[in-house]
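Contents: one structure, followed by commentary.
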């Protein structure tokens, strides 16, 4: 069922492992996969349908789509045009479902524009076509705006810059301008260097606490702001502590496995997985928990990722009805 | 009374002219001037006390302070430290009056950070000490924060970027976070090149519609957002149409005056001021009305002006009680 | 011959006027015009062939191409793709002529990136595909780089930032890296608001002293740096003094013409054109000479103009031989 | 001799270890330490005097100064003013020695301004007082410029942006403008999170290949550019591979040491240090070698570090003779 994927998403992997544990399925969780070999775009959709599924997965009821494409941050316009379209397809579906035609949409670019790997959200908003003021002044008579959504946008900044939670700013703006839908773009911390800059996660459950490079303290979703929220995230950094932890777990397993180290294997065999983890954590400098790992060409990467996402959003929010 | 001023503020000038017209005073308008020759800082305070005064002056009831200093945008730290202090003195007074001690203050940097002369507000906010999140998490036990105001800050962007009026964004954030006072920083369009980058205007009546480089469409004041508003403005550009108009008025007066042009004098004498103005306006390209004039070193100027203003704000909002 | 043009370039106009003055032609100057009505791109090419022509035109011997397109700074990708192609056509021609196939090219983005209307050069370089380091390390075996030019790029900044003339920096880099050709991109000061952001000037004679928003003090051309120079310029600002002067000349002519002002007409008739100009200049504030006029949406404009030019350059410098 | 230092610099540590190995001293290497307890500034100076010392230390003959201060990137102006002064003292000494009074100095800000932790050099140059053009136009008659150095500055960018080695650009500019001295500012990769953003390294031997966040491929020193070079570096990132390696070494040593793991201790005892290292390296993802680790507040840190360094440079390069 997993077929040709080289990298599994967190959710797909968890779902599969649980499946195997629970005799083939978790009630209330549906996993589907799609491989577009020609375009090299691999899509995993996990739908958590019931509270039971939510409890098992540790995530709220809702839809979680992961697009994976090795060429995602390529400067080549051909490649990222295809990914833009794939992304646009999913967004169009969620948009119709959650808000209908010609909806009023507030796009929020989360993140700190002054920290390169966290600037994805602000850069996407910078390339977005906003229409709300045009529609309010000129109406939809202009053929351009006829079928467009009423798009507004904001870059709330981060708490260190504003002194406020992004939730407070978003809620305030939503209460004042009443959009039907909010789309949030955020840079994420991946759990592995293999996932960096080649995965997009889209969900209709908004932003979860603790996620994002900025480590969001509050959830940003329909419950907290009163309006449905689509979240689009791309991992641009890896958590430093995670990287060290993962590499060290490999060392411990290597030591376990090695023939020339039978004794080691024996000794380590007395520690279970949790105890090994504990040993590792004690060694990880606490400073690492406030740091992240990023590639050197992160400026180029964030630039092309933001073009790809804003292209997608502009297509969906600004398009002709027939398209 | 006017003494040694080379440049009069709009308000002072209007007040004086009205004074002279109305036998020495406008009821409900008080004008005071202060000259600090040593520091080269000239201060004019106009207080509009009654509705009658407001009607005569064309501005709401309130206090209007103009600081003028030739060295305002100098890179020399000595010079702008003195102006920071003078500005801080006025802000401290207004702050105490309008919000009391250790007030919660939202600082709003109006303007488009991507257009150099309009980036003053955003740059001031970039150098501001925000304390709200620290106070909320750690309390005021820390000696540093003991007497500080609870400072939050936001850069709302401009309507072309967000699709929303800045009033909508500010009102939303104010309703959500309930500061006791809002301080707005804005780049203004001066009426004369002589006033550029050397004047600060401070008022307790907020932002008026039509003002600012961005041409604000709504008032931002206690009426519209429910919280008192201090506005700090520095003219960084001159309106293109204004420049042409003013220079041309001078031409017309020159033609009026010139001896070798008696006939001209005679002929133009048949046109009153309004008719001359009309003639000039017909000639000013309509395109000029959407343009502004700015000096070439505007990046350096905005940088030093923003240091000077943020220094001032940090002093006032973060200071020890005794200071 | 001039047909449907609404705006004449400086050169074309001067050439034509001289033509008319000199019984139909200036020896050594050839003017051709091309109108692409469908794409709304109007091209004027002026070739100054001899020293006599250079003297008459006040510009060095060489080729001067002006593309004019009302939609040049449109965000619409369709429009500016067509203009990119037209520009690419001309650049390809000059490149072949001046440097041949797979040439080594240094692209120089003149201007101050911190002053929005002067940031055109730096922004074009920011979106350019540089290949020199890749070719030097990997060779041309890769199909991508097979026919590409060896492209290097630099943003020298302005004298206020570096303390050096851009000529010194460019010459130093050229002497060290020996490119066969230099392409310079610069923001220009237009002589009229009508020409703003809708004209591109391309010349094989490099940069002339006194031109550009930055008011270049030295020529940047084959004589001064030892390598042929293509200059690409787009007017993004209008000189403030020029705007006032032009509008005032219109006033003076209006006064000349007006029926109700016979006497004025008569009086002004005693002043010749030069004397009228003199009168006007005395009235123009000297401060205006260091200022420029720019539209409010200059950030968006410069962004789209730079995409359009970098798209063009990337096509020409990076293309397959057959294309 | 080492006294109260919590963190040893690479050089001091190596020198000390060698000392201990070689019966107390390495011929040709002199190490001195200075502790300013009040200001919390700890200075280590390593002078490599002979080729023998250079061979032992793996660094060229010259002076290597390390300032360490826990408060280096504090926003508190008091703290970083003291460190600026300490830094200025050392720079003044080197400047006098290497170039004399009123020298002509080119300041080079290495690094990629678009990648936050690598933007230190460009940001320092952005706040520098350049004087070369003023001195050339106005001479030194002005009291301000009387004793100032003739300062020029450049931000060469990185190879991915320019296609050129920074050495090529610097050499070209130096050959053209002939400064007597070059000062280079660079962000470095630290070997430990403990050293991040609290150490400044100053050397009169320029930049070594392989150093810096940007991993310089060529040396930038008197040999390669023909003019003496002072290099100022601050570690703003840690190499990702280094962090993992170091933490894993600790794990291996912990396993070695642990009582409950006698067998492990025994088993690992069969591997020498090099073999343990080898095992670790095989496990470190090769991708980590192109990545770096940085703290989340890196924008604030780089901002304050750059103020501190430019303050120092401006003091030294622009000061009155008596000071």
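Residue numbers (this note's numbering), protein chains in the order written: chain A, 1 to 323; chain B, 1001 to 1323; chain C, 2001 to 2323; chain D, 3001 to 3323. Just so it is clear, CB atoms sit at the ideal spot from N, CA and C, and this is done for glycine as well.
Starting from the Cα of residue i, find the closest Cα among the options and give me that residue.
i              : options                           : result
residue 37/A   : 135/A, 46/A, 67/A and 207/A       : 67/A
residue 1050/B : 1041/B, 1062/B, 1081/B and 1044/B : 1062/B
residue 3326/D : 3039/D, 3115/D and 3081/D         : A query on residue 3326/D cannot be resolved here, the shown segment of chain D reaching from 3001 to 3323 and no further.
residue 3192/D : 3226/D, 3241/D and 3163/D         : 3241/D
residue 2194/C : 2118/C, 2221/C, 2238/C and 2169/C : 2238/C
residue 3208/D : 3233/D, 3154/D, 3136/D and 3197/D : 3233/D
residue 319/A  : 154/A, 247/A, 169/A and 145/A     : 145/A
residue 188/A  : 3044/D, 3076/D and 3296/D         : 3296/D
residue 1304/B : 1030/B, 1040/B and 1074/B         : 1074/B
residue 48/A   : 41/A, 32/A and 40/A               : 32/A
residue 3329/D : 3127/D, 3224/D and 3183/D         : Because chain D in this structure spans residues 3001 to 3323, residue 3329/D falls outside the shown range and cannot be described.
residue 2099/C : 2216/C, 2151/C, 2030/C and 2176/C : 2151/C
residue 2106/C : 2225/C, 2302/C and 2250/C         : 2225/C
residue 1039/B : 1053/B, 1071/B and 1052/B         : 1071/B
residue 1154/B : 1136/B, 1135/B, 1134/B and 1123/B : 1123/B
residue 2127/C : 2306/C, 2102/C, 2108/C and 2157/C : 2306/C
Look up residue i in the DSSP assignment and say whether it is helix, strand or coil.
i              : result
residue 2033/C : strand
residue 3076/D : coil
residue 2265/C : Its pLDDT being 46, under 50, residue 2265/C is placed unreliably by the model, and the measurement read from it follows with that caveat. It is helical.
residue 1260/B : Model confidence at residue 1260/B stands at a pLDDT of 46, short of 50, so the residue's coordinates are unreliable; what they give is reported in the following sentence. In the structure shown, residue 1260/B sits in a helix (DSSP, three-state: H, G or I).
residue 3050/D : coil
residue 2312/C : helix
residue 3253/D : helix
residue 2159/C : helix
residue 1179/B : coil
residue 3085/D : helix
residue 3107/D : strand
residue 3099/D : helix
residue 3062/D : strand
residue 2148/C : coil
residue 153/A  : strand
residue 219/A  : coil
residue 187/A  : strand
residue 227/A  : coil
Contact defined as beta carbons within less than 8 Å: I believe residue i pairs with residue j. What is the distance between those atoms, to the nearest angstrom?
i              : j              : result
residue 3064/D : residue 3201/D : 7 Å
residue 104/A  : residue 149/A  : 7 Å
residue 167/A  : residue 112/A  : So it is not a contact: roughly 16 Å between Cβ atoms.
residue 1236/B : residue 1309/B : The pair is not a contact, with the Cβ atoms about 12 Å apart (cut-off 8 Å).
residue 1227/B : residue 1173/B : Incorrect: roughly 11 Å between the Cβ atoms, too far for contact.
residue 3230/D : residue 3204/D : 6 Å
Taking only beta-carbon atoms, is residue i less than 8 Å away from chain E?
i              : result
residue 1033/B : This model lacks chain E altogether, as its protein chains are A, B, C and D.
Closer than 7 Å to a non-hydrogen atom of the ligand SAM - does that hold for the CB of residue i?
i              : result
residue 1296/B : Of the ligands one can find in the structure shown there are none, so the ligand SAM has no counterpart to examine.
What are the residues of the region 2035-2062 of chain C that lie near chain B, defined by any Cβ-Cβ distance shorter than 8 Å? none
Task: Residues of the region 2106-2136 of chain C with Cβ closer than 7 Å to any Cβ of chain B, in chain order - done: 2112, 2114, 2115 and 2116
_Along the region 299-314 of chain A, where does the CB come closer than 8 Å to a CB of chain D? Name the residues._
299 and 300
Interface positions of the region 2236-2247 of chain C facing chain B (Cβ-Cβ less than 7 Å), listed along the chain: 2240, 2243, 2244 and 2247
- Message: Under 9 Å, CB to CB, which of the residues in the region 146-161 of chain A have a partner in chain B?
- Response: 150, 151, 152, 153, 154, 155, 156, 157, 159, 160 and 161
Can you pull out the residues from the region 1163-1177 of chain B whose beta carbon lies closer than 7 Å to at least one beta carbon of chain A?
1163, 1164, 1168, 1169, 1171, 1172, 1173, 1175, 1176 and 1177
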